[in-house]
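A.B. asks: Sharing a structure, written as structure tokens. Questions coming.
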Amino acid sequence: MTENNIDEKLIERFFEANSLPEIENRGFSRSVMRRIPQSRIKYLNTVWMILCTVAMVIYLYVHQGMKVLFVALTHLWNSLSTSFVMPELNLTTAIWVYVGIVSAVVFGVYQVLISDKRFI
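Now the structure itself:
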């Protein structure tokens, strides 16, 4: 037997001998947890996220960013269609850019879906 195995068995025996019986609380813990006020940090985080999103949309509108994005996506689409005709797989092809964009969007949507009570 190794020394770690002996130590683990001693610890296991100690906890078996000194374990406390389970105390029934009949839903008391759950009701207490429901009454705890929500963290103000979550609320402020959501407000900050909304403000930044609104500021970004306003900035894009004022500086005609949608035209720039449309031109960039058009060039990206043309590059992607060209890469299907003449495939050249290096790290700067349009395919990798699209894979990166799709990955970022999927990750963002996943984070929103798994967050608990994310929005106001």
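Take the sequence shown: its position 106, counting from 1, is numbered 105 in numbering that gives the first Met the number 0, and each next residue is one higher. Quick reminder that beta carbons are idealized off the backbone N, C-alpha and C, glycines included.
1) Three-state secondary structure (DSSP) at Gly-26?
2) Measure the alpha-carbon distance for Ile-35 versus Val-46 and round it to whole angstroms.
3) What residue range is occupied by the uninterrupted alpha helix (DSSP H) comprising Met-48?
4) Rounded to the nearest angstrom, how far is the Cβ of Leu-79 from that of Ile-94, given a contact under 8 Å?
5) Would you identify the three-state DSSP class for Ile-19, choosing helix, strand or coil?
6) Output the distance between the C-alpha atoms of Glu-11 and Leu-19, rounded to the nearest integer angstrom.
7) Rounded to whole angstroms, how far is the Cβ of Leu-59 from the Cβ of Met-65, which I believe are closer than 8 Å?
8) Where does Ser-114 sit, in a helix, a strand or coil, going by DSSP?
9) Ordered along the chain, which non-local residues of its own chain (more than five positions away) have a Cβ less than 6 Å from that of Ile-22?
10) Express the C-alpha separation of Thr-81 and Gln-37 in angstroms, rounding to a whole number.
C.D. replies: According to the data block:
1) Here residue 26 refers to the residue found at position 27 when the sequence shown is read from its first residue. Residue state, collapsed to three classes: coil.
2) As a first step, residue 35 is located in the sequence shown; it is residue number 36 there, counting from the start. As a first step, residue 46 is located in the sequence shown; it is residue number 47 there, counting from the start. Distance between the alpha carbons of Ile-35 and Val-46 is about 21 Å.
3) In the sequence shown, residue 48 corresponds to position 49, counting from 1. 39-61 is the span of the alpha helix (DSSP H), which, as asked, contains Met-48.
4) Here residue 79 refers to the residue found at position 80 of the sequence shown. Here residue 94 refers to the residue found at position 95 of the sequence shown. Between Ile-94 and Leu-79 the Cβ distance is about 6 Å, and since that is below 8 Å, they are a contact.
5) Position 20 of the sequence shown, counting from 1, holds the residue named residue 19. The identity of residue 19 in the sequence shown is Leu, whereas the question assumes Ile. Looking at Leu-19 - three-state DSSP - the assignment turns out to be coil, as it is neither helix nor strand.
6) In the sequence shown, residue 11 corresponds to position 12, counting from 1. In the sequence shown, residue 19 corresponds to position 20, counting from 1. So the alpha carbons of these two residues sit roughly 14 Å apart.
7) For this step, residue 59 is matched to residue 60 along the sequence shown. For this step, residue 65 is matched to residue 66 along the sequence shown. Correct: roughly 6 Å between the Cβ atoms.
8) Counting from one through the sequence shown, the residue named residue 114 turns up at place 115. It is coil, neither helix nor strand.
9) As a first step, residue 22 is located in the sequence shown; it is residue number 23 there, counting from the start. For Ile-22, where only same-chain residues beyond five positions count, there are no Cβ hits under 6 Å.
10) For the purposes of this step, residue 37 is taken as residue 38 along the sequence shown, with counting starting at 1. For the purposes of this step, residue 81 is taken as residue 82 along the sequence shown, with counting starting at 1. Take the alpha-carbon of Gln-37 and the one of Thr-81: they are about 52 Å apart.
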